[in-house]
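J.:
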Amino acid sequence: MKAFLGFVKKEFYHIFRDRRSLIILFGMPIVQILLFGFAITNEINQVKIAILDRSKDATTQEIIHRISNSPYFTVTQLIEKESDITAVFKKGMVKAVIQFEPHFDEKLLREHRASVQIVTDATDPNTANTISNYITAILKDYQRDLNQNVTNFSTITPQIRLAYNPEIKSVFMFVPGVMTVILMLVSAMMTSISLTREKEMGTMEVLLVSPLKPYQVIVGKVIPYILLSLINATVIILLSIFVFGMPVKGSFMLLGAESLLFIITALSLGILISTVAKTQQTAMMISLMGLMLPVIILSGFIFPISSMPVILQVLSNLLPAKWFIIIIKGIMLKGVGIGSLWKESLILLGMTLFFIFLSVRNYQTRLES
Amino acid sequence: MKHIEWVIEVSGLTKTFGDFTAVDAISFKVQKGEIFGFLGANGAGKTTAMKMLIGISVPTSGAARVAGYDVFTESEKVKKHIGYMSQRFALYDDLTVKENIAFFGGIYGLGKDRIQKKSKQLIEELGMESEANSLVRSLPLGWKQKLAFSVALLHDPKVVFLDEPTGGVDPITRRQFWEMIYKAAHLGTTVFVTTHYMDEAEYCDRVSMMVNGAIEALDAPHRLKEKFGVESMNEVFLKLARA
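Those protein sequence lines, which keep their order, are chains A and B.
When we follow this note's numbering, the leftmost residue of the first sequence carries the number 95, and every step to the right adds one.
When we follow this note's numbering, the leftmost residue of the second sequence carries the number 1093, and every step to the right adds one.
(1) Just checking, does the stretch 1224-1244 of chain B make contact with the stretch 342-352 of chain A on the three C-beta pairs under 8 Å criterion?
(2) Pull up the distance between the alpha-carbon of serine 463 of chain A and that of glycine 1132 of chain B, whole angstroms please.
(3) At a threshold of 6 Å, does aspartate 215 of chain A count as lining the ligand MG (C-beta to nearest heavy atom)?
(4) Can you tell me whether DSSP reads glutamine 310 of chain A as helix, strand or coil?
(5) Does glutamine 242 of chain A come out as helix, strand or coil in the three-state DSSP assignment?
(6) Name the chain B residues that come within less than 8 Å of aspartate 112 of chain A, Cβ to Cβ?
(7) So phenylalanine 1164 of chain B contacts chain A; which residues on that side make the cut at Cβ distance below 7 Å?
(8) So what does DSSP say about isoleucine 212 of chain A, is it helix, strand or coil?
(9) Can you list the beta strand (DSSP E) stretches of 3 or more residues lying completely in the stretch 1122-1188 of chain B, in chain order?
(10) Quick one: is alanine 97 of chain A near chain B, going by C-beta distance under 7 Å?
(11) Does the beta carbon of valine 303 of chain A sit closer than 7 Å to a beta carbon anywhere in chain B?
(12) In chain A, which residues lie less than 7 Å from tyrosine 1176 of chain B when you measure between Cβ atoms?
(13) Taking the C-alpha atoms as reference points, what is the distance between glycine 1198 of chain B and leucine 99 of chain A?
(14) Which residues in chain B have a C-beta closer than 7 Å to the C-beta of glycine 91 of chain A? List them in chain order.
(15) Could you please give the first and the last residue of the uninterrupted alpha helix (DSSP H) stretch that includes glutamine 1237 of chain B?
(16) Can you give me the start and stop residues for the beta strand (DSSP E) that serine 1103 of chain B sits inside?
(17) If you draw a straight line from the alpha carbon of arginine 111 of chain A to that of leucine 440 of chain A, how long is it in whole angstroms?
(18) Quick check: lysine 1078 of chain B and proline 308 of chain A, are their CB atoms within less than 7 Å of each other?
(19) Quick one: Cα of methionine 1220 of chain B to Cα of aspartate 1186 of chain B, how far?
(20) Could you tell me the distance, in whole angstroms, from the CA atom of isoleucine 229 of chain A to the CA atom of isoleucine 161 of chain A?
(21) List the endpoints of the continuous alpha helix (DSSP H) containing lysine 263 of chain A.
(22) List, in chain order, every chain B residue whose beta-carbon is nearer than 7 Å to that of lysine 372 of chain A.
(23) Taking only runs that begin and end inside the stretch 304-364 of chain A, name each unbroken alpha helix (DSSP H) of 4 or more residues, in chain order.
(24) List, in order along the chain, the chain A residues whose C-beta lies closer than 7 Å to that of phenylalanine 1195 of chain B?
(25) Can you find a C-beta in chain B that's less than 7 Å from the C-beta of tyrosine 107 of chain A?
(26) What are the boundary residues of the beta strand (DSSP E) that alanine 144 of chain A is part of?
(27) Please report the residue range of the alpha helix (DSSP H) in which valine 1251 of chain B lies.
(28) Mapping the DSSP letters down to three states, classify valine 188 of chain A as helix, strand or coil.
(29) Taking all protein chains shown into account, decide if lysine 1190 of chain B is buried (16 or more other Cβ within 10 angstroms of its Cβ) or exposed.
(30) I'd like the span of the beta strand (DSSP E) that includes glutamine 171 of chain A, first residue to last.
(31) Comparing C-alpha positions only, which one of A/Leu203, A/Met273 and A/Thr297 sits nearest to alanine 1182 of chain B?
(32) Spell out a yes or no on whether the stretch 220-229 of chain A and the stretch 174-182 of chain A are touching, meaning 3 or more CB-CB pairs, one atom from each, closer than 8 Å.
(33) Among A/Leu361, A/Ile421 and A/Phe266, which one has its Cα closest to the Cα of valine 337 of chain A?
(34) Spell out whether any CB of chain A is found under 7 Å from the CB atom of isoleucine 1146 of chain B.
(35) Using C-beta distances below 6 Å, list every residue in its chain close to isoleucine 1100 of chain B, excluding the 5 sequence neighbours before and after it, in chain order.
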C-alpha cells in the first residue's frame, strides 16, 4: 500500500513538472468551455437587416417597429428600390432584407392577403435559416394580434413549447459535448502518453522487474488522472451553471457517478492505446485521430446523430461519448434519474470492461514476446 | 571444505518463439558473490535468457532458481530479492536524485527511515551532495549510470542483473563503474552482467559465451584463453563465433 502511494505521488510530480501536460489538463477545459459557450453559437443576436418598404403605411410601420424592437434584429438600412437588395448584400452590410409589397395595408384589408418577402444571405445557411424563422415568428405574432377581434375566423394556432431548453440556448448543447471531449482527452490521451513514456524511457521494464504487480503499476499511474479528471468535470459543471445558466435538474450525485464511470471508460481506452503504441508520439496520434475526431463529429456533440447517414448512425453506437452525452443531457436538462439511464450506463460499463479485457490480453502477449 | 551457495541455478532453460529457438537448453550455476559475465553477440539470446531469470518472460521449458526461488512458481519472491539495471540506466528524468531514490526504495517496500538512511549514505558515497535536489535530467550520463546501479542495490538484493551497463560511457567512467561492481561483489552481492565489450569480460570471475541461443563456453577468462590458446577474450569470442 505504501509502495502504491509512493507511486501515485511520483505520478503527480510528473504531471506538475511538465508545463505541457498542465496546460492540457487545466487550461484547455476552461478555454474550450468558454470558447464553445460564447463564440460558437447557433443563436442570433442584433442581426443587421435592411428594409425595403414599398408601401409605407401604418401596418408596415408597425411590423418594422416590432422587428427592430426585438433583441434579435437591428434595422440598419432603409432602401428604396429592388436593385439595392443585391447591392447591400454584396457589401455584406446586412444579413437579411425584408420587402413589403406596395399597398400592403389596403391589400390586407380588402383581400385579406398581403405579401412580405424575406431575403437572407445564405452563404451562412444556418444563420439564414434561423433569421427567416425568427422573422416569420414575428409576422405570425402580429397576424394573431390583428385577428384577435375577428371571431368568425377559424384558425389553427400551434402552441409550440420547447421542452428542456425553451430559449434554444446552444450552450445547453455544447456543455455536455465539451465536457465529454475534455474528459476523453484528459483521461485517454494523457494516460496513454504517460504509460508509453515509461516504455520509451525504459522505466516500465524496471517497474515490471520490481515486486509491484503489473496491475498496481497501471492503477498507480491512472489514479492521479481520475482525480484530475473529476476536478475538471467539476470545474466544467460549475462554469456551465454560473456562467451560462445551465440547469442541473437531476441529482448531482448521479452526475458525479456517471462522470466517474465515463472517466474510467476513457482511462481504459487510454490503457488500451498504450498497449499498442510504442512511442508517445504514436499514442498521441492515435488518441487525437482515433478518439477526438470521432467524438467531435459522430457523438452528436455538434451534428445531430438522427440526421446522419444510416451507416454513421450505426457507427456512432460504438462511441462511449455518444452514450455519455445522452446521460448528461438527461441528468442536467431533463432531470431524469438512473431509472431512465440504466441502459446507457450499462453500455458504458460494458465498453469499459471490454477495453480492460483487451488491454490485459494485449499486455500479456507483449510480456510473452 | 566450505559449502558453496548457489545463487543462480539454471538447467535446460529454453525459450522458443514459434519455430525460432531464442534460448536453447542453457545450463549454468552462479555462486554467491561471483561476478558472472554473460557474453554474446547481439541477437545471440542473452537478453531473452536474462528476461526469463528476472521474471518478465516465461520460459518455454527447463528449470531455473534465482536467489533460492523457482522462476516458474515463485517469480514474486524472485523479484523481491533481485536488483535490475537496464541498459538505459532507467531513472525518472523529471524527479530529483533524492526523489528517485525514495521512489525506487518505496516500490521495494523499504520503510521511510531506512530509505532516508540509505539515501544519505548513497549520496555521500557517490559524492552527489550538491546534486541531491537536482533533477536527474541535468546529470551527466556517467552519474546517471552510477546512480542507477546504486538504486538497483538499494534493497540489498542477493543478485543484481546488469544489462549492458556500460553502453555509451567513456573508458574512465567504465573503469570507475567496475570498481563499484567489485565493491558490491565483495560485500556478497552476486553480479550477473551482460556485455559485448570483450575487455570487460576480463574483469569477470567467470564468463559464459552465448552463440545462437546456446552456451558454447563457460569458464574463468584466463582458462578460456588457455583453452583456445589465445591472448585476449576478444580472440576467444571470434574463435567461437566463427566455429
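Don't be surprised by glycine CBs; every beta carbon is placed ideally from N, CA and C.
Source: prediction; values computed, not measured.
T.: According to the structure data:
(1) no
(2) Numbered from 1 along the first sequence, position 369 holds the residue referred to as residue 463 of chain A. Numbered from 1 along the second sequence, position 40 holds the residue referred to as residue 1132 of chain B. Below a pLDDT of 50, predicted positions are generally treated as unreliable, and serine 463 of chain A, at 44, falls in that range; the measurement from the model is reported next regardless. Distance between the alpha carbons of serine 463 of chain A and glycine 1132 of chain B: 20 Å.
(3) The ligand MG is absent from the structure shown, which contains no ligand whatsoever.
(4) Here the question's residue 310 of chain A lines up with position 216 in the first sequence. Here glutamine 310 of chain A sits in helix by DSSP.
(5) In the first sequence, counting from the first residue as 1, residue 242 of chain A sits at position 148. Under the three-state reduction of DSSP output, glutamine 242 of chain A falls in the coil class, being neither helix nor strand.
(6) In the first sequence, the residue the question calls residue 112 of chain A occupies position 18. Ordered by position in chain B, the residues that pass the 8 Å Cβ test against aspartate 112 of chain A are Asp1186.
(7) Counted from its first residue, the second sequence places residue 1164 of chain B at position 72. Those within 7 Å of phenylalanine 1164 of chain B in chain A number zero; the least Cβ separation is about 14 Å.
(8) The residue labelled residue 212 of chain A in the question sits at position 118 within the first sequence. If DSSP states are grouped into helix, strand and coil, isoleucine 212 of chain A belongs with the strands.
(9) 1127-1132, 1153-1158 and 1174-1177
(10) Translated into positions along the first sequence, residue 97 of chain A becomes position 3. By this cut-off, alanine 97 of chain A is an interface position.
(11) In the first sequence, residue 303 of chain A corresponds to position 209, counting from 1. Yes, contact with chain B.
(12) In the second sequence, the residue the question calls residue 1176 of chain B occupies position 84. Near tyrosine 1176 of chain B (Cβ distances below 7 Å), the residues of chain A are Val300 and Val303.
(13) Here residue 1198 of chain B refers to the residue found at position 106 when the second sequence is read from its first residue. Here residue 99 of chain A refers to the residue found at position 5 when the first sequence is read from its first residue. For glycine 1198 of chain B and leucine 99 of chain A, the distance between alpha carbons rounds to 9 Å.
(14) A question about residue 91 of chain A goes unanswered here, because the residues of chain A that appear run from 95 up to 463.
(15) Here residue 1237 of chain B refers to the residue found at position 145 of the second sequence. Taken as a continuous stretch (DSSP letters only), the alpha helix (DSSP H) holding glutamine 1237 of chain B covers 1233-1244.
(16) In the second sequence, residue 1103 of chain B corresponds to position 11, counting from 1. Counting along the chain, the beta strand (DSSP E) containing serine 1103 of chain B begins and ends at 1098-1109.
(17) In the first sequence, the residue the question calls residue 111 of chain A occupies position 17. In the first sequence, the residue the question calls residue 440 of chain A occupies position 346. Taking the straight line from one Cα to the other gives about 37 Å.
(18) What is shown of chain B runs 1093 to 1335, which leaves residue 1078 of chain B out entirely.
(19) The residue you call residue 1220 of chain B lines up with position 128 of the second sequence. The residue you call residue 1186 of chain B lines up with position 94 of the second sequence. Straight-line Cα distance between these residues: approximately 17 Å.
(20) As a position in the first sequence, residue 229 of chain A is number 135, starting the count at 1. As a position in the first sequence, residue 161 of chain A is number 67, starting the count at 1. Going from the Cα of isoleucine 229 of chain A to the Cα of isoleucine 161 of chain A covers about 7 Å.
(21) If you number the first sequence from 1, residue 263 of chain A lands on position 169. Counting along the chain, lysine 263 of chain A falls outside any alpha helix (DSSP H), and DSSP gives it neither H nor E.
(22) By 1-based counting over the first sequence, the position of residue 372 of chain A is 278. What lysine 372 of chain A touches in chain B: nothing, since even the nearest Cβ is about 15 Å away.
(23) 308-336
(24) Along the second sequence, one-based indexing puts residue 1195 of chain B at 103. Result: Gly100 and Lys104.
(25) By 1-based counting over the first sequence, the position of residue 107 of chain A is 13. Output row for tyrosine 107 of chain A: interface = yes.
(26) Residue mapping note: residue 144 of chain A aligns to position 50 of the first sequence, counting from 1. Its beta strand (DSSP E) spans residues 141-147.
(27) Within the second sequence, residue 1251 of chain B is the residue found at index 159, counting from 1. No alpha helix (DSSP H) holds valine 1251 of chain B; the beta strand (DSSP E) holding it covers 1251-1255.
(28) Counted from its first residue, the first sequence places residue 188 of chain A at position 94. The answer is coil: DSSP assigns valine 188 of chain A none of H, G, I, E or B.
(29) Along the second sequence, one-based indexing puts residue 1190 of chain B at 98. Lysine 1190 of chain B comes out buried.
(30) Here the question's residue 171 of chain A lines up with position 77 in the first sequence. Where glutamine 171 of chain A is concerned, the enclosing beta strand (DSSP E) stretches over 167-173.
(31) Working through the second sequence from its first residue, we reach residue 1182 of chain B at position 90. Nearest option by C-alpha distance: A/Thr297.
(32) no
(33) On the first sequence, position 243 is the one that residue 337 of chain A refers to. Nearest C-alpha to valine 337 of chain A: A/Phe266.
(34) For the purposes of this step, residue 1146 of chain B is taken as residue 54 along the second sequence, with counting starting at 1. With 7 Å as the cut-off, isoleucine 1146 of chain B counts as an interface residue toward chain A.
(35) Here residue 1100 of chain B corresponds to residue number 8 of the second sequence, with the count starting at 1. Closer than 6 Å at the Cβ level, and outside the excluded window around isoleucine 1100 of chain B, lie Val1122 and Val1158.
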